[in-house]
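25 is the number of the first residue of the sequence shown in the numbering used here; add one for each residue after it. The structure under discussion appears below in the form of structure tokens.
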Amino acid sequence: MSSNSFGKLFTVTTFGESHGPAIGCVIDGCPPGLAIGPEEFRHDLDRRATGKTRHTSQRREADEVEILSGVYEGKTTGTPIALLIRNTDQRSKDYGDIADTFRPGHADYTYWHKYGIRDPRGGGRSSARETTMRVAAAVVAKKWLAERHDVRVRGYLAQLGEIAPAAFDWDAVEQNPFFWPCAEQVPALEKAMDALRKSGDSVGARVSVVAEGVPPGWGEPIYGKLDGDLASALMSINAVKGVEIGDGFAAVAQHGSEHRDEMRLDGFTSNHAGGILGGISTGQAVVASIALKPTSSILIPGHSVNLAGEPVEVVTKGRHDPCVGIRATPIAEAMMALVLMDHALRHRAQCGDVGAVAPRIP
Ligand code: EPS
Numbered sequence: 025m026s027s028n029s030f031g032k033l034f035t036v037t038t039f040g041e042s043h044g045p046a047i048g049c050v051i052d053g054c055p056p057g058l059a060i061g062p063e064e065f066r067h068d069l070d071r072r073a074t075g076k077t078r079h080t081s082q083r084r085e086a087d088e089v090e091i092l093s094g095v096y097e098g099k100t101t102g103t104p105i106a107l108l109i110r111n112t113d114q115r116s117k118d119y120g121d122i123a124d125t126f127r128p129g130h131a132d133y134t135y136w137h138k139y140g141i142r143d144p145r146g147g148g149r150s151s152a153r154e155t156t157m158r159v160a161a162a163v164v165a166k167k168w169l170a171e172r173h174d175v176r177v178r179g180y181l182a183q184l185g186e187i188a189p190a191a192f193d194w195d196a197v198e199q200n201p202f203f204w205p206c207a208e209q210v211p212a213l214e215k216a217m218d219a220l221r222k223s224g225d226s227v228g229a230r231v232s233v234v235a236e237g238v239p240p241g242w243g244e245p246i247y248g249k250l251d252g253d254l255a256s257a258l259m260s261i262n263a264v265k266g267v268e269i270g271d272g273f274a275a276v277a278q279h280g281s282e283h284r285d286e287m288r289l290d291g292f293t294s295n296h297a298g299g300i301l302g303g304i305s306t307g308q309a310v311v312a313s314i315a316l317k318p319t320s321s322i323l324i325p326g327h328s329v330n331l332a333g334e335p336v337e338v339v340t341k342g343r344h345d346p347c348v349g350i351r352a353t354p355i356a357e358a359m360m361a362l363v364l365m366d367h368a369l370r371h372r373a374q375c376g377d378v379g380a381v382a383p384r385i386p
């Protein structure tokens, strides 16, 4: 009912608030025997974390994962895996000035109307801090997908404000703090972000995720389509306002002769569909993109109202991201991996006996 869990066979439930004592998750349905240790969470948690460069929020969290259950002698046991991360760098006084008002463009207002009470400290449950646990849970999913199916999920920043990549190189993506696929443009991005931060404003972004190695057959028509579940999972990320699968909205202006991915025995000739047809994976790379809105917590004054029903002017001080999209690449990868793992298990459960059928286009 309350929707803090998702997935059907591989389920993830997250809990915790940004300024509470801890955040955590429970992963249920993980197959037994997967080797996993606390140190394996470090890489992806660091990729997502605040305070790593001047271009993101300066909150500095240790993000140390404690594995509370579900792992024995370094291997998953098939029982629920509980992960906990203690919050260590909350600065709740930053929220004193806005506790009685609503940041324009922020979930402050809707949380208030839904629950009639809210934890204003750091945005409480609406904070992007919660995404830490999705990334942690996806470390387990990414590892299982890689070991069991040779699936690799990776993403990149595909647009920052009005700046689009001038070239594409996967090797460049992990070499800069933006996950940007064109190394030559990184100085220009740094300059743009420095100017943006100085102005006190924020900007939107586009992030793309690609999963290679997904076999044909994952996804459940009609209400559990792979693209439907991906759209839901990606849309659940803070600040996401749009999701595209494959060519997405560009398909509007295309003709069928252009959009269809022709099949030859040695491979598909294109991938406009983003690796999904009829809600089922084709065996091509699964490709999705998200649009993230500009952060609403900005220094530019904006009109709002307060709890007493008076007009006020709001300025949000504190340690905010001028572009949440910069940290969204590992989060989008995480949601893709969690959905794929769930569907891998669901496919095995219903259609495991079908096996591979011909012809298989490589
Ligand atoms: C966030 C506001 C900031 C960010 C936070 C997301 O919180 P605070 O004011 O407490 O520093 O630092 O991001 C994280 C803590 C994180 O780990 O991602 C928000 O409003 O969403």
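No residue lacks a Cβ here, since even glycine has one placed at the ideal position from N, Cα and C. Treat the numbers as computed from the prediction; the structure is a model and nothing was measured.
In three-state terms, what does DSSP make of residue i?
i	result
Asp253	helix
Ala216	helix
Thr156	helix
Asp68	helix
Glu244	strand
Pro189	coil
Ala312	strand
Leu169	helix
Val233	strand
Leu289	coil
Phe273	helix
Ser223	helix
Leu107	strand
Please classify residue i as buried or exposed, where buried requires at least 16 neighbouring CB atoms within 10 angstroms.
i	result
Gly291	exposed
Tyr247	exposed
Lys391	The question about residue 391 has no answer, for the chain in this structure spans 25 to 386.
Gln278	exposed
Arg115	exposed
Cys375	exposed
Pro354	buried
Thr112	exposed
Thr134	exposed
Asp174	exposed
Glu208	exposed
Phe273	exposed
Ser226	buried
Arg66	exposed
Ser281	exposed
Gly148	buried
Ser305	buried
Can you tell me where the alpha helix (DSSP H) holding residue i begins and where it ends?
i	result
Cys375	Thr353 to Cys375
Ala263	Unbroken run through Ala263: none, as it is neither H nor E.
Asp345	Note, Asp345: premise wrong, no alpha helix (DSSP H); not H, not E.
Ser281	Gly280 to His283
Ala59	First-last for Ala59: undefined, no H or E at that position.
Ala196	Trp194 to Val197
Can we count residue i as close to the ligand EPS, meaning its CB is less than 8 Å from some heavy atom?
i	result
Val227	no
Arg351	yes
Ala73	yes
Thr134	no
Gln199	no
Thr112	no
Glu85	yes
Ala152	yes
Val348	yes
Thr38	no
Gly342	yes
Asp143	no
His43	yes
Tyr96	no
Asn330	no
Leu101	Per the sequence shown, residue 101 should be read as Thr rather than Leu. Thr101 Cβ: outside cutoff for every heavy atom of the ligand EPS.
Ser29	no
Ser81	yes
Tyr247	no
Asp345	yes
Asp118	yes
Arg115	yes
Thr77	no
Looking at the unbroken beta strand (DSSP E) that takes in residue i, where does it start and where does it end?
i	result
Ser328	Gly326 to Val329
Thr37	Thr35 to Gly40
Asp52	Ala46 to Asp52
Tyr180	Arg176 to Leu184
Arg145	Looking at the DSSP string, Arg145 is not in any beta strand (DSSP E), and its letter there is neither H nor E.
Ser93	Val89 to Ser93
Glu337	Pro335 to Val338
Roughly how many angstroms lie between the CA atoms of residue i and residue j, to the nearest whole one?
i	j	result
Ser151	Glu41	7 Å
Leu169	Ala255	20 Å
Leu69	Gly270	27 Å
Ile324	Val339	6 Å
Gln82	Pro346	11 Å
Glu286	Val329	55 Å
Trp242	Gly185	34 Å
Trp194	Phe202	13 Å
Ala86	Thr156	11 Å
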